[in-house]
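S.K.: Residues 1 to 417 (our numbering) make up the sequence shown, in order. Idealized CB from N, CA, C, for every residue including glycine. All values reported here derive from a predicted model rather than from experimental measurement. The structure follows.
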Amino acid sequence: MTPASTGPVSTGPVPIGPDLLACISRRAQTMTASAIREILKITQQPDVISFAGGLPAPELFPLDAVRQAAETALSKYGPAALQYSTTEGHLPLREWIAGRHGIPAANVQIVTGSQQGLDLLGKILIDEGDLVLVEAPTYLGALQSFQPYLPRYAEMPTDEGGIDVDALATLLAGLAAQGEKPKLLYAIPNFQNPTGRTLSLERRRRLVELTAQYGVLVIEDDPYGQLRFSGEALPSLYEIGLELAGDVDRNHVIYSSSFSKTLVPGLRDAWVEAAAPVITKLIQAKQGADLHTPTLNQMMITELLPLLPAQIETVKAAYRERGAHMLSQMDEFFPAGVTYTRPQGGMFLWVTLPEGVDTVALLPRAVENKVAYVPGQPFFALGGGANTMRMSYSSATPEQITQGMRALGATFREALG
Numbered sequence: 001m002t003p004a005s006t007g008p009v010s011t012g013p014v015p016i017g018p019d020l021l022a023c024i025s026r027r028a029q030t031m032t033a034s035a036i037r038e039i040l041k042i043t044q045q046p047d048v049i050s051f052a053g054g055l056p057a058p059e060l061f062p063l064d065a066v067r068q069a070a071e072t073a074l075s076k077y078g079p080a081a082l083q084y085s086t087t088e089g090h091l092p093l094r095e096w097i098a099g100r101h102g103i104p105a106a107n108v109q110i111v112t113g114s115q116q117g118l119d120l121l122g123k124i125l126i127d128e129g130d131l132v133l134v135e136a137p138t139y140l141g142a143l144q145s146f147q148p149y150l151p152r153y154a155e156m157p158t159d160e161g162g163i164d165v166d167a168l169a170t171l172l173a174g175l176a177a178q179g180e181k182p183k184l185l186y187a188i189p190n191f192q193n194p195t196g197r198t199l200s201l202e203r204r205r206r207l208v209e210l211t212a213q214y215g216v217l218v219i220e221d222d223p224y225g226q227l228r229f230s231g232e233a234l235p236s237l238y239e240i241g242l243e244l245a246g247d248v249d250r251n252h253v254i255y256s257s258s259f260s261k262t263l264v265p266g267l268r269d270a271w272v273e274a275a276a277p278v279i280t281k282l283i284q285a286k287q288g289a290d291l292h293t294p295t296l297n298q299m300m301i302t303e304l305l306p307l308l309p310a311q312i313e314t315v316k317a318a319y320r321e322r323g324a325h326m327l328s329q330m331d332e333f334f335p336a337g338v339t340y341t342r343p344q345g346g347m348f349l350w351v352t353l354p355e356g357v358d359t360v361a362l363l364p365r366a367v368e369n370k371v372a373y374v375p376g377q378p379f380f381a382l383g384g385g386a387n388t389m390r391m392s393y394s395s396a397t398p399e400q401i402t403q404g405m406r407a408l409g410a411t412f413r414e415a416l417g
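Written as structure tokens, this is what we have:
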């Protein structure tokens, strides 16, 4: 018997599914790859000395203590260390964090790295078209986190003392006269990434007062604040906001920090401190993102807290020495007309070349000379900065710094003729 016909048999390609590119959302279409991560790909040659990545020094990681912390957490908590946990985070860790600013643990949210904190804050705070104030230049990762939420940006001028608050006052007054108010201001007051600059105390107070006056939220990003190796410690914007508001739930400053730069980055433990309405929405946003930060990692960090003061001193001493050495070698090898910041802490400094030099175009020549950096242009929300670059001294040896600054100085002299 001949089987019943099922119709013509196609011999050509059968289209399957929708046009995938057309399915990408408008928000996702605004996403771009990290310029730093892309640059790192071309600097991975083993003989290239790279000052591009902002990596903590791996030889300073407290490996034995981390190993012991894992064993202690597993012994202390048993299967609970490997179980799902609360979205808010491990309570003993939140209580320790809250105690630093004298606030309730309920005002602390644990996040999986500061980058997640910035993304979640963008998600709950930024509507399409909202105006966001950022430093010029600012942290590239913050721009990446905020961009999918489709804000507009206005840049705040900066100098060696950080944000120019006189210019900020003029900007806010001008916007108010036009009937416009920024949604939020994003700032890194301590050893800023990418410049290494620190916002002065007088400017901190005025910034908090101005933003309170004009009803502007502030996100204070402070991953490097504990790594001060010169100068006087300064109060955070969050602390000044607490003093001004007199109530943790009326403070218009949101504080973000991390254990990545002081202990180890791979555990991805960070936190946000904020007023209750912000924390409530952060919890809900995080539940949609990853439910909670890994339980065991939080418990390990908690076990490492007694070690933290000594670990910070170890890191500070190393970065103080490396930063000073990089500056001394810049002084020796860089040609006239090249200027650079002198950080009081953190991991970065900022180099400015004469106008007309393009550090993106110069990078391949630098790599030929076996040295790499991050061009400054991606750190400007509205473009510019073509003649600038970011340098990190945190994970380089003295020998690498000397060799690298000599090679970079030669690259500059070639470019400048």
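Beta-carbon within less than 7 Å of M1's beta-carbon, same chain only, minus the 5 sequence neighbours each way: which residues are those?
M.R.: Interpretation of M1 is limited by its pLDDT of 48, a score under 50 that renders its predicted location unreliable; the figure taken from the coordinates is listed afterwards. Cβ neighbours of M1 beyond the five flanking positions: none.
S.K.: I need the DSSP call for Y319, collapsed to helix, strand or coil.
M.R.: Helix at Y319.
S.K.: Cα separation between M31 and R152?
M.R.: 15 Å
S.K.: Can you list the alpha helix (DSSP H) stretches of 4 or more residues lying completely in the segment 185-230, in chain order?
M.R.: 201-214
S.K.: Within 10 angstroms of the Cβ of K286, are there 16 or more other Cβ atoms? Answer buried if so, exposed if not.
M.R.: Buried, since its Cβ has 16 or more Cβ neighbours within 10 Å.
S.K.: Using beta-carbon positions only, say whether Y238 and V216 come within less than 9 Å of one another.
M.R.: no
S.K.: May I ask you to report which of helix, strand or coil DSSP gives A410?
M.R.: helix
S.K.: Can you give me the Cβ contacts of T359 inside the same chain, cut-off strictly under 8 Å, excluding the 5 residues immediately before and after it?
M.R.: L353, Y373, P375, G376, Q377, A386, N387, T388 and M389
S.K.: For G385, which three-state DSSP category applies?
M.R.: coil
S.K.: Would you call the segment 339-349 and the segment 100-118 touching, i.e. three or more CB-CB distances under 8 Å?
M.R.: no
S.K.: Beta carbon of G404, beta carbon of V351: below 9 Å?
M.R.: no
S.K.: CB-CB under 7 Å to S200, same chain, minus the five flanking residues each way: which ones, in chain order?
M.R.: G161 and G162
S.K.: Enumerate, from N- to C-terminal direction, the unbroken alpha helix (DSSP H) stretches of 4 or more residues contained entirely within the segment 282-342.
M.R.: Entirely contained in the segment 282-342, the alpha helix (DSSP H) runs reaching 4 residues are, in chain order, 295-304 and 308-333.
S.K.: When the Cα atoms are used, what is the spatial distance from Q329 to A173?
M.R.: 44 Å
S.K.: Judging by CA-CA distance, which residue of P235, E155, Y255 and T72 is the nearest neighbour of I279?
M.R.: Taking only the C-alpha atoms, the option nearest I279 is Y255.
S.K.: State buried or exposed for L20, treating a residue as buried only when at least 16 other CB atoms are found within 10 Å of its CB.
M.R.: exposed
S.K.: Runs of 3 residues minimum, wholly inside the segment 98-139: which ones carry the beta strand (DSSP E) assignment?
M.R.: 108-112 and 131-136
S.K.: According to DSSP, is I279 part of a helix, a strand, or is it coil?
M.R.: helix
S.K.: So Q116 packs on A289, CB below 8 Å; how close in whole Å?
M.R.: 7 Å
S.K.: Straight-line CA distance for V367 to T402?
M.R.: 16 Å
S.K.: Where L327 and S236 are concerned, what is the direct C-alpha to C-alpha distance, given to the nearest angstrom?
M.R.: In this structure, the alpha-carbon of L327 lies about 27 Å from that of S236.
S.K.: Whole angstroms is fine: what's the gap from P92's alpha carbon to A98's?
M.R.: Their backbone Cα atoms lie some 10 Å apart in a straight line.
S.K.: Indicate the three-state DSSP secondary structure (helix, strand or coil) for E155 in the structure shown.
M.R.: strand
S.K.: Are the beta-carbon atoms belonging to E128 and Y186 less than 9 Å from one another?
M.R.: no
S.K.: Applying the criterion that 16 or more other CB atoms from any shown protein chain within 10 Å of the CB defines a buried residue, is G179 buried or exposed?
M.R.: exposed
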